[in-house]
Amino acid sequence: MKYLKRIASAVVCAVLMLSSTPATAFAKTTMPEYIRVGLTSAYENKQQINIQNKTLKFIDSPSDDPLDYTTISEFYSANGFAVRVGVSYQVVIPIDANGFDDAKAQADNYISQGYANALPGYNNRGWTVTIYGYQSMSEAQTAAASLGGSAVAPSDVLILSVSGDPIFLITNTDAYFAGQSADTNVDLGSREYRGIMKFQLASSGLITAVNIVDFEEYLYGVVPSEIPSSYAYEAIKAQACAARTYALIKVQKKSDLGYDICDTTHCQVYGGYTNESKTTTQAVVDTEGKAIYYNGSPIEALFSSSSGGYSEDAVNVWGNDVPYLKAVPDEYETDCQTWTRTFTLSDIDKICAAKGYNIGSATGMRITIDNKTSRVQKVEFIGTEGTKAITLESCRTVFNAIGSSLSSRVFTITNGITESGNSSSGSNSNLNVALGTFVSSPIDGYTMTDKNNYVIGNDCAVVYSTASGTKAYGADGKSVDLSKIPELVPFINNAAGSSSTSTASTGTTVIRSSGSTINISGRAIGHGVGLSQRGANGYGQLGYDYIEILQHYYTGVTVE
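Here numbering that gives the first Met the number 0 is used: the sequence shown runs in plain steps of one and ends on residue 559.
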């Protein structure tokens, strides 16, 4: 652990998420020493959180440097501990005590006087005797007046207990705990975590666990949670830099939630010490302090699992134009991810009812696809009394009204009718596929859309030209040997080295559903903005280094 390493000064900047203009340029940012991670995936708004450590330290963690803590008291239990919310009103009596044992002795003295529920406590960095069990605030206030204390509501109390029995009461403050030593993790049962643990008490009286951990060591638990350790090492290093930069921005924003970042896909996945692997940890070490900058400022380093062959422009997802988050080809993406969903007109009715869309009874659905990226830019729900248009990222998230969002916006209606443009669905005899588009299901025969673009039978491949020559990829995202497709040989020379301006790669395609069932077939996972993890793996396998990978996905950036 690097808790003794402290910075003398820091350069602080404010960067608005997805700002339409870059922040003012400044010198390379000093990395934070720590980060506060809200463990919202499993330990948010709980009445009780268990701790498996047999030895646990209750600590004073200063806000300016929480990892430079002071131990207030140390507890031992063969059965571990639990932190839970208060269950009754309390009377808190300030005392002069030299540690936990002294406070317990004074609590025992109150027990001898008939106050059976007296325990040692801690309130606003001072020792107390806390008497619990009062059924109302008025009852507690009456007792407090005679005891020289103050009444406290259950929502302001945290209880440290062993085997269900309270041993220590913490009032009017969050509770901070650490393992036996600086190198001992805090074990919450399903996961272990480096650093220290804050149990944050909300006004609702529920607890959220917040892991405060060394900034670089935080990344040890992020990178393997976001990208497989089996991926190309340079791709893992690229992910480490993206994750570091993303976390840096979160720390700089000074969240008022009590933590800087969460541990879910809403931020970036963090699995703590439990998820760490040797390979991904080494990638973090090998890129220590490296972040991604645009015009001297750290970027919002967004990433997703896969792009489906072409990343997306941020303006088409959230409506904000970001100069470094532009759509770029992702031709080396590996392990193509495909998915399907089926909806009925009744499902569309349910979505519209949940969202408040008044279209009458649903009669169909129409999608508009950007031919360059193959992403749906508009979904229209059509009804007897009107049509509701949905755009941007809502094209996939709107479906969460009846289950879950679509995996990505790279999809088509496979049993639909093409109203305009070039369709990637429909009958095989009239199949047209946008330049560079992948095909996600077997096709009998192939159709030439222009001299540079072909769809091949059961190989499920798309062949197209690039500046470096003719390329072929299958539905799994892997290269296809062109020599195994002899019927294309006459056309390959015409395609090689050219760059097509075919209308198939520009404009849009509009497809409308037909019938009472809407069959959707898609590829890619996530919003598709920024780095594609599967695409980065492909680039890494081809020998690109992590800086080249990052500069491909983030336009005009530097890595330093």
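Cβ atoms here follow ideal geometry from the backbone N, Cα and C, with glycine treated the same way.
Sorting Gly539, Gln281, Ser87 by C-alpha distance to the C-alpha of Met136 places Ser87 at the top. Take the alpha-carbon of Asp255 and the one of Lys249: they are about 11 Å apart. For Glu547, the enclosing alpha helix (DSSP H) has its first and last residue at 545-552.
By the neighbour-count criterion, in which a residue is buried when 16 or more other Cβ atoms sit within 10 angstroms of its Cβ, Gly98 is exposed. With a beta-carbon spacing of about 5 Å, Thr170 and Asn122 fall inside the 8 Å limit used to define contacts. Cβ neighbours of Val221 within its own chain (closer than 6 Å, five residues either side excluded): Ala242, Gln267, Tyr269.
Note that the C-beta distance between Val378 and Ile389 is below 7 Å.
In this structure, Val36 lies near Asn210, with their beta-carbon atoms less than 7 Å apart.
Straight-line measurement puts the Cα of Ser531 at about 9 Å from the Cα of Gly308. A distance below 6 Å between beta-carbons, with the five flanking residues on each side excluded, links Val151 to the following residues of its chain, in chain order: Gln89, Val91, Thr170. The way I'd put it, the stretch 56-75 doesn't touch the stretch 223-241; fewer than three beta-carbon pairs between them come closer than 8 Å. Exclusion of the five residues before and after Tyr545 leaves Glu233, Lys236, Ala237 as the residues of its chain whose Cβ lies within less than 6 Å of its Cβ. Annotation: Lys277 to Ser203 spans about 40 Å, alpha carbon to alpha carbon. It is roughly 7 Å from the alpha-carbon of Ser512 to the alpha-carbon of Asn414. Taking a cut-off of 8 Å for Cβ pairs, the stretch 275-295 and the stretch 330-348 do not touch, as fewer than three such pairs fall below it. Boundaries of the beta strand (DSSP E) around Glu73: 69-75. The beta carbons of Ser406 and Ile510 sit no closer together than 7 Å. When rounded, the separation of the alpha-carbon atoms in Asn116 and Phe74 is 20 Å. Taking each of Lys325, Asp173, Lys252, Leu218 in turn and checking the Cα distance to Arg193, the smallest one comes out for Leu218. Contact check for Gly521 and Ser305: beta-carbon distance about 11 Å, past the 8 Å limit, so the pair fails to qualify. The bridge partners DSSP lists for Gln47 are Arg83. Remark: C-beta atoms of Leu168 and Gly120 approach each other more closely than 7 Å. One thing to note: Gly537 has its Cβ no nearer than 7 Å to the Cβ of Glu311. If you ignore the 5 residues before and after Gln105, its C-beta comes within less than 8 Å of the C-beta of Ile94, Ala96, Pro119, Val128, all in its own chain and listed in chain order.
DSSP places Met30 outside both helix and strand once states are collapsed to three, so it counts as coil.
Per the C-alpha coordinates, the member of Ala326, Asp213, Thr386 positioned closest to Gly271 is Asp213. Bounds of any alpha helix (DSSP H) do not take in Thr263, whose DSSP letter is neither H nor E. The C-beta of Glu32 has 16 or more other C-beta atoms within 10 Å across all chains shown, which makes the residue buried.
In the DSSP assignment, Tyr245 falls within the unbroken alpha helix (DSSP H) covering 232-251. In this structure, the alpha-carbon of Gly402 lies about 11 Å from that of Lys349.
Rounded to the nearest whole angstrom, the CA to CA distance from Val397 to Glu384 is 20 Å. Under a 10 Å Cβ-count criterion, Val284 is classified as exposed, with fewer than 16 other Cβ atoms of the shown protein chains found around its own Cβ. In chain order, Gly534, Gly537, Tyr538, Leu541 place their CB closer than 7 Å to the CB of Tyr331, counting only its own chain and leaving out the 5 sequence neighbours on each side. Shown here, Ala181 sits in coil according to DSSP, grouped into three states, outside any helix or strand. Straight through space, the alpha carbons of Thr69 and Pro165 are spaced by roughly 23 Å. When DSSP reads this structure, Asn122 sits in a beta bridge with Gly125, Thr170.
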